[in-house]
Amino acid sequence: MIEALRLMVLTRTFDEKATAMQRQGRFGTFSSVRGQEASVVGCSFALDPQKDWLAPQYRELPALIRHGYPIENFALYFMGNPRGGAIPENVNMLPLQISLAAQIPQATGVAWGLKLQGSDGVVVTFFGDGASSEGDVHESMNLAGVTKAPVIFFLQNNGWAISTPRKNQTAARSFAERALGYGIHGVTVDGNDLLAVHQVTEEAVARARAGEGATLIESVTYRTGAHNTADDPSRYIDQAELDEWVKKDPIERVENYLRAKGVWDDATAQAMRDECAAEIDEAMTKARAVPLAGPEALFDHVYVDPPARMEQQRTAWIERTAGA
Amino acid sequence: MIEALRLMVLTRTFDEKATAMQRQGRFGTFSSVRGQEASVVGCSFALDPQKDWLAPQYRELPALIRHGYPIENFALYFMGNPRGGAIPENVNMLPLQISLAAQIPQATGVAWGLKLQGSDGVVVTFFGDGASSEGDVHESMNLAGVTKAPVIFFLQNNGWAISTPRKNQTAARSFAERALGYGIHGVTVDGNDLLAVHQVTEEAVARARAGEGATLIESVTYRTGAHNTADDPSRYIDQAELDEWVKKDPIERVENYLRAKGVWDDATAQAMRDECAAEIDEAMTKARAVPLAGPEALFDHVYVDPPARMEQQRTAWIERTAGA
Amino acid sequence: MSEKTMIEAIRECMRQEMEADDKIVVIGEDVGKLGGVFRATDGLQAQFGDQRVVDMPLAEGVIIGSGIGLAISGLRPIIELQFLGFGHQAFHQIGQQVARLRFRSQGRHSLPLVIRSPYGGGVRTPELHSDAFEAYYTHTPGLKVVAPASAYDAKGLLAEAIAGDDPVLFLEPLKGYRLVKDEVPDERYRIPLGKLRVMREGTDVTLIAWSAASVMVNQAAEELAAQGISAEVLDLRSLTPLDIDGIAASVAKTGRVAVIQEAPLTGGFASEIIATIQEECFYSLQAPILRITAPDTPYPLGGVEDYFVPDAARVVAEVAALMSESA
Amino acid sequence: MSEKTMIEAIRECMRQEMEADDKIVVIGEDVGKLGGVFRATDGLQAQFGDQRVVDMPLAEGVIIGSGIGLAISGLRPIIELQFLGFGHQAFHQIGQQVARLRFRSQGRHSLPLVIRSPYGGGVRTPELHSDAFEAYYTHTPGLKVVAPASAYDAKGLLAEAIAGDDPVLFLEPLKGYRLVKDEVPDERYRIPLGKLRVMREGTDVTLIAWSAASVMVNQAAEELAAQGISAEVLDLRSLTPLDIDGIAASVAKTGRVAVIQEAPLTGGFASEIIATIQEECFYSLQAPILRITAPDTPYPLGGVEDYFVPDAARVVAEVAALMSESA
Ligand SMILES: Cc1ncc(C[n+]2csc(CCOP(=O)(O)OP(=O)(O)O)c2C)c(N)n1
Ligand SMILES: Cc1ncc(C[n+]2csc(CCOP(=O)(O)OP(=O)(O)O)c2C)c(N)n1
Ligand SMILES: [Mg+2]
Ligand SMILES: [Mg+2]
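The following block contains the structure:
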């Protein structure tokens with residue numbers, strides 16, 4: 147639990163640092179996980195990074211870290227450096243997904259493929275209440291039902307899709323109820339309750355490993371920050387609702403729990419914060435030390451076996467830049 | 147009821163005639179409604195063609211006829227004559243849809259638009275168990291929930307999508323259960339029971355007119371013919387299952403009911419069949435009398451205000467054909 | 087008449103057209119209270135209500151598809167695609183349904199519908215937000231594709247698109263939204279589709295572009311002038327219909343051409359223009375027609391996008407080299 | 087070696103490759119018991135079981151998208167799109183995900199995946215089944231696009247596509263499935279992508295085509311020969327990569343070119359070829375390069391498709407006219 151808390155604090159620290167840097171023009175537009183840490187971390191700790199896979203949206207830094215994706219890559223990516231997209235060989239992860247819901251069919255395919263090849267790995271894909279309206283989600287849950295693919299559809303209902311509130315997104319009472327229509331398991335959980343999220347995810351993982359197929363988890367939480375660093379939520383947010391949710395801050399909740407258990411105090415809290423700040427500073431420093439890629443970055447990794455025309459363009463582009 | 151039976155017999159006659167013509171090369175590939183007549187007709191009779199709209203798939207000739215679309219247009223369309231696509235001004239219908247499920251968002255939009263403009267018209271869209279797997283269906287039902295659009299999603303679960311059986315299409319127990327996930331009404335009905343289909347559709351229409359929004363109707367029926375005239379179901383069909391369903395033929399069922407009531411006998415049945423044969427013969431004759439369009443048909447109706455380049459092509463195409 | 091940014095001109099156009107015709111509705115993601123992620127619809131929901139300016143569920147397929155339905159029911163939808171890259175999610179609805187409904191119904195259902203979308207790169211957006219995907223849509227019969235470069239044109243062309251009864255994809259240069267500023271009449275007016283704009287007259291070479299690239303190319307032409315090269319700059323304004331006569335007239339005069347596009351080289355709209363020019367003006371051409379484009383690679387992350395999107399320095403250098411080619 | 091139809095060659099290729107590599111799986115609509123609506127996969131499910139040859143739910147987006155996932159998990163999927171027109175439903179997965187996964191993951195996830203699809207017109211299919219949509223995919227960096235015209239090429243190119251680690255869209259001429267028949271080795275072999283095939287040598291004019299059009303153009307060349315015109319016919323075989331050197335070599339020899347495509351004119355792949363030729367061979371050209379294409383209209387119903395798709399008579403007439411153009 148302390149480990150989980152640390153991850154929550156770590157990414158809260160990242161979010162604050164990156165937001166500050168973005169204001170100074172030293173970081174790109176990005177979406178913080180603020181308010182949703184328990185949801186992401188609780189899920190993530192139910193996975194085995196050695197054999198399980200992640201198919202993220204873009205707001206789940208804690209899960210990526212736990213799975214082994216370097217923080218500096220995440221930072222580099224949002225600084226606009228293509229090298230940030232690099233996923234280390236041993237990290238079982240799909241790229242961050244910007245095209246909403248597009249990772250979900252892929253996640254389903256990875257899960258199905260693992261099953262076909264006799265692995266007991268499971269796949270978790272994260273997506274938002276907004277993304278849930280895309281056709282890809284339906285097609286994927288349906289395929290997962292038919293193939294009994296070991297995939298967990300982890301829907302973070304954080305109340306908003308940019309400025310669009312949950313009630314404009316769907317008239318369903320709950321998202322989890324959709325599972326029924328695909329013959330998969332569905333469950334709703336308080337996304338600000340670390341232990342509850344962890345438990346429902348563990349159950350889903352166990353079912354998936356046992357060959358019992360997919361689960362849709364609706365994790366009900368709230369985006370207490372802006373949609374991203376370019377967004378101004380004061381234009382649309384319901385302040386009273388926001389205030390309510392800020393009171394339910396998942397980090398405070400865990401800390402209060404630990405305090406009540408007598409295993410947490412201001413000093414340990416501060417020590418953890420300091421440690422996290424140092425770690426984030428280091429990652430940011432590392433990221434900023436990586437030189438921005440040159441024109442070759444346009445051409446690298448597009449193909450295994452590139453067409454001649456693209457290779458000629460590579461040469462021309464590199465020459466032109468050298469000349470300029 | 148006699149009127150409904152007549153429509154069922156009429157399209158059965160059409161299907162037989164067109165299939166025979168197709169074998170002789172006088173008709174194109176088309177999909178018959180055989181076995182599903184009660185499902186389509188029962189639904190159709192719950193609508194008011196004056197103000198309600200149809201958004202068909204391709205297998206619902208009886209509904210089109212009742213809505214006022216001329217049989218000869220349907221025939222022309224499947225003979226490959228573009229003029230068959232023409233929808234008369236007073237017929238509230240979208241074109242036949244070949245791109246599966248693509249009509250469903252459109253149907254939802256028509257319904258929503260009627261509502262926004264204060265009409266109490268409703269829209270029925272037909273689609274199959276196969277088409278139901280497309281993302282368009284999810285997106286549409288969800289939008290219908292949010293807008294309370296007066297649309298009826300009439301899903302004909304006929305057991306097959308070409309060769310793909312229902313069980314490979316989805317692991318859901320029923321399709322109708324999906325309604326819950328969108329906050330719309332859902333119901334399953336015996337699609338071979340004319341009166342039952344009629345009744346659930348009437349209820350759905352009443353709800354829609356009353357501003358209570360959309361309904362998903364799953365009409366459970368069976369495709370007792372081939373998928374289309376190019377298909378050979380012996381490669382994949384379950385013969386025992388087919389035999390079961392042939393016994394439940396919807397036309398026989400209505401006739402038996404009427405016989406039991408004492409209002410039907412062999413003579414009346416034969417008279418109706420003769421009448422229908424004459425009507426279909428006439429429609430086919432009419433269709434075959436329509437000259438196949440010339441090259442101008444490529445250009446007609448593409449734009450209201452066509453680009454100059456296309457108009458130059460029109461001239462060139464017509465000249466070339468005249469020259470040839 | 088007053089100076090307006092492109093986004094102001096677009097917003098003013100929609101407001102005025104909506105005031106004039108209550109059949110016009112605006113639908114899209116975040117177009118309501120937020121006024122769109124670029125504020126194109128700012129204030130419209132407050133003025134016209136949430137039945138005419140509608141925040142849609144996040145699903146481009148049904149946003150376009152229901153827009154088709156709204157049009158069939160008698161309304162005139164303006165649909166905002168939040169970014170053109172998300173048109174892919176609706177590609178079946180745009181490419182096969184929007185573009186073909188009138189044809190498929192043999193004239194029964196015209197489609198007075200405008201799809202507006204921010205378009206093009208240069209502002210360091212996240213992945214998949216910056217690609218210049220116009221060539222997919224210009225190869226789609228039944229659609230019209232409009233791509234203004236000035237605020238004046240944006241207002242007049244959008245008004246024309248809204249007034250017309252054919253579906254129009256209206257591409258708004260993301261980079262120009264706030265950067266481009268020019269004199270725009272306060273009243274309503276329309277500019278016909280299919281007429282290019284000569285941004286700058288010249289005699290030595292014809293430079294052809296559209297959208298944000300036109301602005302950039304016009305700057306390049308200034309620099310070329312300083313080098314003694316007189317470039318005529320054509321801003322196409324609409325890609326479908328295409329002003330072939332306007333292009334041919336310029337090429338007949340200059341005999342040399344460069345076409346500049348933001349999209350990757352292979353199969354871009356520049357290729358179409360070149361194929362057309364060599365058909366129409368073969369005997370006027372003194373040198374091969376030059377393409378200045380992005381390479382055949384995906385749009386990269388923002389940090390390196392300046393290598394990807396053609397810039398004025400590149401245009402100057404390549405056009406100068408073209409001038410020394412002799413026929 | 088024996089004479090095989092194109093569909094037989096394709097089926098044999100898949101069977102042999104699946105025998106050689108048990109990571110290969112086939113997924114698609116109706117590919118199982120039915121063996122595909124054109125029987126391309128006939129017998130494969132019986133031989134390899136329903137875990138390697140899978141009838142998918144009817145949803146192209148997840149058919150392609152899950153194919154990506156299968157590849158990431160270590161398999162090598164061959165995906166059958168029942169008709170190319172239904173690629174629109176999966177356009178976001180093909181155009182943005184398939185094409186960019188390797189780039190977006192900076193090399194971590196290569197994508198050994200082949201999308202096979204019947205392609206092109208001429209056999210009176212229903213609406214939206216016959217369009218030649220290749221230009222959408224050739225303008226999509228990260229994809230390769232292959233379009234064989236003979237059974238021999240189909241088998242060898244498909245084997246190469248399956249063996250490669252880049253995603254390939256493999257277009258199979260619907261019209262050629264049973265009509266095209268030629269000598270095909272019984273054993274496995276591969277043909278490299280990016281090398282065109284000279285179907286017929288000639289000296290007066292170069293005719294460039296791909297897929298079913300190549301067969302038609304070759305017939306036209308026979309007729310042209312009877313009229314004393316010696317046409318060289320190039321069958322491109324793969325569109326990405328494109329054999330630019332092979333094209334240039336022929337054009338340098340003949341000085342006259344016609345490019346023939348089934349798709350509508352504006353923005354078709356023919357435009358790309360023309361733009362490239364005039365860049366590479368400007369000074370060899372004796373006349374404008376001719377495009378022989380469908381008009382800028384949607385593919386019509388079958389009854390009038392013969393007006394739409396270019397045929398040999400048209401090629402003969404237009405090429406003959408081209409020969410009388412003088413530079
Ligand atoms: C297909 C697609 N459509 C639109 C967008 C633009 N967009 C980016 S984030 C966002 C809202 C996403 O909301 P949600 O899925 O709830 O995730 P959250 O940001 O709340 O975590 C939108 C509309 C996109 N990235 N992709
Ligand atoms: C988007 C799309 N994908 C695939 C096809 C090819 N296709 C035509 S009919 C059909 C099966 C449809 O099954 P279903 O929706 O159940 O309707 P039914 O034919 O049973 O009435 C398929 C796969 C198509 N027309 N459109
Ligand atoms: Mg959200
Ligand atoms: Mg069916």
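Chains as they are written, first to last, in our numbering: chain A, 147 to 470; chain B, 147 to 470; chain C, 87 to 413; chain D, 87 to 413.
Glycine is no exception: its CB is placed at the ideal position from the N, C-alpha and C atoms.
On a predicted model such as this, the values are computed, not experimentally measured, just so you know.
Straight across, the Cα-Cα distance linking residue 198 of chain B with residue 346 of chain B is about 16 Å. These are the residues, in chain order, with a beta carbon less than 7 Å from any non-hydrogen atom of ligand 3: A:274, A:275, A:276, A:302, A:303, A:304, A:305, A:306, A:307 and A:369. Of all residues in the region 428-442 of chain A, the ones placed with a Cβ closer than 7 Å to any Cβ belonging to chain C are 438, 439 and 441, in chain order. Under the 8 Å Cβ criterion, the region 438-456 of chain B counts as touching the region 175-193 of chain C, having at least three qualifying pairs. The beta-carbon of residue 192 of chain C is placed no less than 8 Å from the nearest beta-carbon of chain A. Note on geometry: alpha-carbon atoms of residue 302 of chain A and residue 312 of chain A lie some 11 Å from one another. Segment contact: the region 336-346 of chain B against the region 363-383 of chain B, three or more CB-CB distances shorter than 8 Å; contact assigned. Residue 293 of chain D is positioned such that its CB atom lies no closer than 8 Å to that of residue 328 of chain D. In the DSSP assignment, residue 283 of chain C forms a beta bridge with C:321.
Contact of residue 226 of chain D with chain B is not assigned, every C-beta pair being separated by 8 Å or more. Contact with chain C is found for residue 254 of chain B, since one of that chain's Cβ atoms lies less than 8 Å from the residue's Cβ.
For residue 462 of chain B, there are no C-beta contacts with chain C under 8 Å, since the nearest C-beta of that chain is about 13 Å from it.
Sequence-distant Cβ neighbours of residue 154 of chain D in its own chain, meaning closer than 8 Å and more than five residues away, are 179, 183, 184, 187, 197 and 199. Going by DSSP, residue 179 of chain B is part of no beta strand (DSSP E) at all; its letter is neither H nor E. Under the three-state reduction of DSSP, residue 368 of chain C is assigned to helix.
One alpha carbon belongs to residue 132 of chain C, the other to residue 174 of chain D, and they sit about 36 Å apart. Note on geometry: alpha-carbon atoms of residue 271 of chain C and residue 381 of chain A lie some 29 Å from one another. Spanning the alpha carbons of residue 137 of chain C and residue 249 of chain A requires a straight line of approximately 33 Å.
Excluding its 5 nearest sequence neighbours in each direction, residue 354 of chain D has C-beta neighbours in its own chain below 7 Å: 221, 347 and 379, listed in chain order. By a beta-carbon distance limit of 8 Å, residue 290 of chain A contacts residue 359 of chain A. Their separation comes to about 7 Å.
Secondary structure at residue 379 of chain C: strand, using DSSP grouped into helix, strand and coil. Going by DSSP, residue 258 of chain A is part of the alpha helix (DSSP H) stretching over 249-262.
In this structure the region 203-215 of chain A touches the region 264-277 of chain A; the number of beta carbon pairs closer than 8 Å is three or more. Distances from the CA of residue 179 of chain A to each of A:464, A:397 and A:454 were compared; the closest alpha carbon is that of A:397. When DSSP states are grouped into helix, strand and coil, residue 119 of chain C belongs to the coil group.
When Cβ pairs closer than 8 Å are counted between the two stretches, the region 417-431 of chain B is seen to touch the region 149-167 of chain B, the count reaching three or more. For residue 205 of chain A, the shortest C-beta to heavy atom distance toward ligand 1 is below 7 Å. Contact residues of the region 290-306 of chain B toward chain A are 291 and 292 (C-beta to C-beta distance below 7 Å). Judged by the Cβ position, residue 368 of chain C fails to qualify as a neighbour of ligand 2 at the 7 Å threshold, every heavy atom of the ligand being at least this far. Relative to the non-hydrogen atoms of ligand 2, the Cβ of residue 152 of chain D never comes closer than 7 Å to any of them.
Listed as beta-bridge partners of residue 191 of chain B by DSSP are no residues whatsoever. Residue 162 of chain D: member of the beta strand (DSSP E) spanning 162-166, first to last residue. A direct Cα-to-Cα measurement between residue 106 of chain D and residue 239 of chain D gives close to 20 Å. Every alpha helix (DSSP H) stretch that sits fully inside the region 154-213 of chain D and reaches 4 residues is listed by chain position as 187-190. When distances are taken from the beta-carbon of residue 380 of chain B to the heavy atoms of ligand 1, even the shortest one reaches 7 Å or more. Secondary structure remark: continuous alpha helix (DSSP H) runs of at least 4 residues inside the region 345-413 of chain A, in chain order: 385-393 and 396-406.
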